[in-house]
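Protein chains in written order, with the working numbering: chain A, 495 to 764; chain B, 19 to 374.
The C-beta atom is built at its ideal place from N, Cα and C for all residues, glycine as well.
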Amino acid sequence: MAQISLIRDRCLISFSLLGGVILGLTVLALLNMTVKELSDIPHLLRVATDTKVIDSIVLTMAAGANAILILMIFGIPLAYLLARADFKGKRIIETIVDIPLMLPHTVAGILVYILFMKRGLLGAPLYTIGFPFEDAYPGIVVAMLFVSSPYFINSAREGFEKVPVHLENVARTLGATRLSAFRHVVLPLSAREIYNGAILAWGRAIGEFAAVIMIAYYPMVISTLIYYRFSTSGIKESSTIAFVMILACFSVFLVLRHLSRFIGRHDDRV
Amino acid sequence: MIEFRHLFLRLGTFALKDVSIRIGKGDYYFIIGPSGAGKTVILEAISGLHLPDEGEILMNGRDVSLVPPEKRRIALVYQDYSLFPHMTVEKNIGFGLLMQKTDPKEIKSRVDELLVQFKIEHIRMRYPGTLSGGEQQRVAIARALASDPEVLLLDEPFAALDPITREQMIADLLRIHRENDLTVIQVTHSREEIQRMATRCAVIIDGICVQEGAVGAVFETPENSAVARFIGMENIIPGSVSTNESGLVSVDVSGKSIIAVSDVSSGSPVDVVFRAADVTIYRGEGDVRTAQNHFKARITALVPLGGPLTEVYLDAGFPIVALVTRRFAEDLDFITGLDVLISIKASAIRVIEKSL
């Protein structure tokens with residue numbers, strides 16, 4: 495259908511041209527880099543097999559995934575409340591959820607740092623029981639969690655709002671408690687939005703730099719490593735690491751997007 | 019068995035105000051009224067999905083305010099059927115039993131039984147999105163009955179069905195009601211459904227229960243003009259009682275007098291209410307001033323109703339609607355502007371005092 499109309503429809507043609515500009519920019523940037531990197535294969539292979547680079551990519555993705563898992567445990571209940579309950583001060587809660595979206599990342603970083611540093615309100619007691627955040631893995635996770643939370647919560651909330659209240663009501667009159675109605679009806683029907691929200695938030699978490707270096711310069715996440723190599727070894731070294739990261743991200747997200755088609759498929763049938 | 023005592027319930031801009039109704043065990047009870055009058059909210063309140071702000075809901079004599087929906091043994095079927103789109107027909111029907119932790123073998127046999135009873139075995143593995151309206155309706159009712167509820171709540175169950183499916187569904191529901199000794203509470207704005215199915219009914223207008231009682235009583239003796247209008251009294255004419263002589267009143271309507279049987283005292287503002295079918299039209303001239311409820315009138319419009327009947331709009335000094343067969347209208351050469359005589363049976367007229 496779309497193929498035929500694209501040729502005949504002037505409106506769609508002009509939309510494609512305009513949309514092409516934005517796509518073109520990304521593609522051009524990628525091609526530009528790819529051509530340069532592929533012109534020195536031995537160098538590329540050396541960087542790609544550098545354990546420091548591989549460790550850093552794995553660390554970044556794992557910390558991101560870890561943040562998203564925590565976010566799901568606490569974010570899903572919050573998203574459901576925001577979707578279903580009407581209460582005083584709901585607007586304020588919504589604004590609080592969105593705060594990380596609006597703040598410059600350095601500001602987010604400072605917020606996280608002074609709360610979780612060794613002498614911080616939460617950081618101090620946690621440090622004494624052997625759970626340090628400064629220059630440690632938990633520090634990376636908590637910074638990522640903070641900046642990516644609105645993406646996940648808002649997406650999950652949209653998913654919950656899309657499930658008709660009538661379905662929940664019927665489930666309850668059929669003998670389901672609120673919790674089982676949530677588990678058997680609401681959750682499966684919003685699985686796609688929750689999944690997409692998690693991918694979006696994960697992508698955001700992986701990309702975080704400013705907030706992460708403030709609390710945890712070490713161990714180096716990929717952004718820190720690229721910046722470090724850029725300032726010590728120059729553009730060639732850092733852009734090759736960037737290229738390797740691009741390849742890793744591109745393949746991972748391609749697979750994740752593909753998988754999303756199998757989640758919440760009932761939607762397409764209705 | 020279910021009783022509302024002075025129920026107040028506010029929901030956004032909508033409110034139920036002082037609703038008191040009583041629904042007996044085994045009733046086929048109708049809640050009727052115009053769209054947006056609060057009928058669905060009443061069903062949801064019975065289910066326990068809304069808590070009353072004031073007043074109480076009793077079931078079998080017990081206040082159920084603190085009983086959550088899942089413990090009430092009440093099944094609710096919404097107008098849009100609300101089937102779970104991610105479950106097959108089979109899973110939908112078995113959902114209630116699964117929630118009550120019934121043994122899987124038992125669930126299967128009960129589901130099989132219902133699939134046969136509702137003639138939907140062939141769609142057991144299908145998803146709701148692929149079903150027709152009639153099929154969805156059957157699945158929804160089968161699902162509601164699966165866990166053997168005491169009360170079945172139906173919200174406009176026929177609104178989205180084609181006429182043939184609808185007839186079938188009406189017959190099925192009446193059979194289910196009879197066979198299972200079930201209490202059914204159905205919401206509608208269709209008068210025809212009420213007269214065919216209901217034993218008792220409540221008329222809800224703007225969140226207020228205007229009249230409650232046996233269907234016959236509500237349809238014969240509407241308590242006020244709003245009910246009269248809703249149950250389809252075509253003629254509602256304002257006037258005032260000029261004399262009352264031992265139960266026979268004369269109502270002054272735009273200078274004419276309509277005679278009826280009533281105990282309303284003279285001087286009261288009233289509505290004179292009667293059905294279009296109780297108006298007789300005949301051709302002829304002559305003096306009609308002496309006969310009771312005979313008037314000269316002029317035809318202002320003829321509206322064929324699609325079937326064998328035609329509505330005749332007349333001006334007799336006040337507007338009036340009559341119902342005749344199309345054949346009759348043709349035989350007497352009715353056309354707009356024609357002068358005719360009409361008569362209204364005094365026994366068919368109700369005089370309703372206007373509440374101030």
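Contact residues within the stretch 655-666 of chain A, judged by C-beta distance below 8 Å to chain B | Pro658, His660, Leu661, Asn663, Val664, Ala665, Arg666
My guess is that Phe625/A and Pro632/A are in contact by the Cβ rule of under 8 Å, so how many angstroms apart are they, rounded?
-> 7 Å
State yes or no: is the C-beta of Ser286/B within less than 8 Å of the C-beta of Glu371/B?
-> yes
Any C-beta of chain B under 8 Å from that of Ala650/A = no
Whose C-alpha, out of Arg23/B, Tyr46/B, Gly44/B, Ile41/B, is nearest the C-alpha of Gly35/B?
-> Residue 35/B is actually Lys in this sequence, not Gly. Per the Cα distances, Arg23/B.
Since I believe Ile50/B is in contact with Cys219/B (beta carbons under 8 Å), could you give me their beta-carbon distance rounded to a whole number of angstroms?
-> In this structure Cys219/B touches Ile50/B by the C-beta definition: roughly 6 Å separates them, less than 8 Å.
Three-state secondary structure (DSSP) of Gly614/A = coil
Helix, strand or coil: how does DSSP classify Ile249/B here?
-> coil
Contacting positions in the stretch 83-96 of chain B - beta carbon closer than 9 Å to chain A = Pro86, Pro87, Glu88, Lys89, Arg90, Arg91, Ile92, Ala93, Leu94, Val95, Tyr96
Are there 16 or more other CB atoms within 10 angstroms of the CB of Asp45/B, so buried, or fewer, so exposed?
-> buried
Exposed or buried, which one is Thr148/B when buried takes at least 16 other CB atoms within 10 Å?
-> Thr148/B should be labelled exposed.
Among Leu320/B, Asp357/B, Gly152/B, which one has its Cα closest to the Cα of Lys314/B?
-> Closest option to Lys314/B, Cα to Cα, is Asp357/B.
With a floor of 4 residues, list each alpha helix (DSSP H) that falls wholly inside the stretch 310-357 of chain B, ordered by position along the chain.
-> 344-349
Excluding five sequence neighbours on each side, which residues of the same chain lie with their C-beta closer than 7 Å to the C-beta of Leu192/B?
-> Contacts found: Met215.
Got a sec, what are the start and stop residues for the beta strand (DSSP E) Tyr96/B sits in?
-> Where Tyr96/B is concerned, there is no enclosing beta strand (DSSP E), given that its DSSP letter is neither H nor E.
Would the beta-carbon of Ala650/A fall within 8 Å of that of Ser684/A?
-> yes
For the stretch 111-128 of chain B, which residues have a beta carbon sitting closer than 7 Å to at least one beta carbon of chain A?
-> Phe113, Gly114, Met117, Gln118
If you compare alpha carbons, which of Val664/A, Pro594/A, Ala736/A, Ala692/A is closest to Val680/A?
-> Val664/A
Contacts of Ala670/A in chain B (Cβ-Cβ under 7 Å) | Glu88, Met117
Identify whether Thr298/B lies in helix, strand or coil by the three-state DSSP scheme.
-> DSSP places Thr298/B within a strand segment (E or B) once states are collapsed to three.
Nearest to Gly79/B by CA position, among Val267/B, Glu21/B, Pro122/B, is which residue?
-> Among Val267/B, Glu21/B, Pro122/B, the Cα nearest to that of Gly79/B belongs to Glu21/B.
Where the alpha helix (DSSP H) containing Val107/B begins and where it ends = 107-117
Contact set between Glu230/B and chain A, taken where Cβ atoms lie within less than 8 Å | Ordered by position in chain A, no residue passes the 8 Å Cβ test against Glu230/B, which lies about 24 Å from the chain.
Under the three-state reduction of DSSP, which class applies to Arg504/A: helix, strand or coil?
-> helix
For chain B, is any of its Cβ atoms less than 8 Å away from the one on Val679/A?
-> yes
In chain B, what lies closer than 8 Å to Ser674/A by C-beta?
-> Met117
For Val59/B, which option in Glu168/B, Val37/B, Glu211/B, Gly42/B has the closest C-alpha, if you only look at C-alpha atoms?
-> Val37/B
Around the Cβ of Glu263/B, are there at least 16 other Cβ atoms within 10 angstroms (buried) or fewer (exposed)?
-> exposed
Beta strand (DSSP E) runs contained entirely in the stretch 160-230 of chain B, provided each spans 3 or more residues = 169-173, 201-206, 218-223
Which class does Pro256/B belong to by DSSP, given the choice of helix, strand or coil?
-> strand
In the structure shown, what three-state DSSP assignment does Ile360/B receive?
-> strand
Using a Cβ cut-off of 9 Å, which residues of the stretch 39-66 of chain B contact any Cβ in chain A, in chain order?
-> Glu62, Ser65, Gly66
What does Ser165/B touch in chain A if you count any residue whose Cβ is under 8 Å from its own?
-> Leu668, Gly669
Hey, Leu471/A and Ala695/A are a contact pair by Cβ (cut 8 Å); roughly how many whole angstroms apart?
-> Absent from the structure is residue 471/A, since the part of chain A shown begins at 495 and ends at 764.
Residues of chain A with CB under 7 Å from Asp98/B, in chain order?
-> His660
Of all the beta strand (DSSP E) runs that stay within the bounds of the stretch 49-86 of chain B, which reach a length of 3 or more residues?
-> 72-77
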